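Have a look at the structure below before the remarks.
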Amino acid sequence: MPRIARTVAVGYPHHITQRGNYRQPTFACDDDYVQYLQWVSQYSQKYHLKIWAYCLMSNHVHFIVVPIKDSALACTFNTLHMRYAQYLNKKRKVTGHLWQNK
30 MPRIARTVAV GYPHHITQRG NYRQPTFACD DDYVQYLQWV SQYSQKYHLK IWAYCLMSNH
90 VHFIVVPIKD SALACTFNTL HMRYAQYLNK KRKVTGHLWQ NK
């Protein structure tokens, strides 16, 4: 059964969370956090998403963001989390889902 589409209110803050699959760690070392944040910056600028605040935990992330376009949330986080999952899977030499419900 597909997920219900998120309602995006352009210009208003949204609280976004994403947790590791089976609550597994998603960041193993400082370099992982740095790489993730570099991509956050890159994709939020590319897709017009303002980042007001974030908190990166070992097995999940929280963001307060403001989309400037309807597609900003989906484009930013889909691209970011796909790329980070590929990065971490290659680093760990594994395959499969990194993020819960993805």
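Position in the sequence shown counted from 1, then plus 29, gives you this note's numbering.
Beta carbons are placed, not taken as given, at the ideal position from N, Cα and C, and that holds for glycine.
Fair warning: this is a prediction, and the values are worked out from it, not measured in the lab.
Starting from residue i and walking both ways along the alpha helix (DSSP H), at which residues does that stretch end?
i, result
"TRP68", "59-75"
"ASN130", "Taken as a continuous stretch (DSSP letters only), ASN130 belongs to no alpha helix (DSSP H), as it is neither H nor E."
Sort out for me which residues DSSP pairs residue i with in a bridge.
i, result
"GLN47", "VAL90"
"VAL95", "LYS79"
In terms of residue numbering, what span does the beta strand (DSSP E) encompassing residue i cover?
i, result
"LEU78", "78-85"
Buried or exposed: which applies to residue i, given that a residue is buried once 16 or more other Cβ atoms fall within 10 Å of its Cβ?
i, result
"TYR72", "buried"
"TYR113", "buried"
"THR55", "buried"
"HIS110", "buried"
"TYR76", "buried"
Measure how close the beta-carbons of residue i and residue j come, nearest whole angstrom, since I'm counting them as under 8 Å.
i, j, result
"LEU78", "ILE97", "7 Å"
"VAL27", "TRP81", "What is shown of the chain runs 30 to 131, which leaves residue 27 out entirely."
Taking only beta-carbon positions, decide if residue i is within less than 7 Å of chain B.
i, result
"ARG48", "Given the protein chain composition of this structure (a single chain), no chain B is represented."
### Task
Check whether the region 85-93 touches the region 35-48, counting contact only when three or more Cβ pairs, one atom from each stretch, lie closer than 8 Å.
Flag = yes, the region 85-93 and the region 35-48 touch.
### Task
Report yes or no: do three or more beta-carbon pairs, one from the region 99-108 and one from the region 60-67, lie closer than 8 Å?
no
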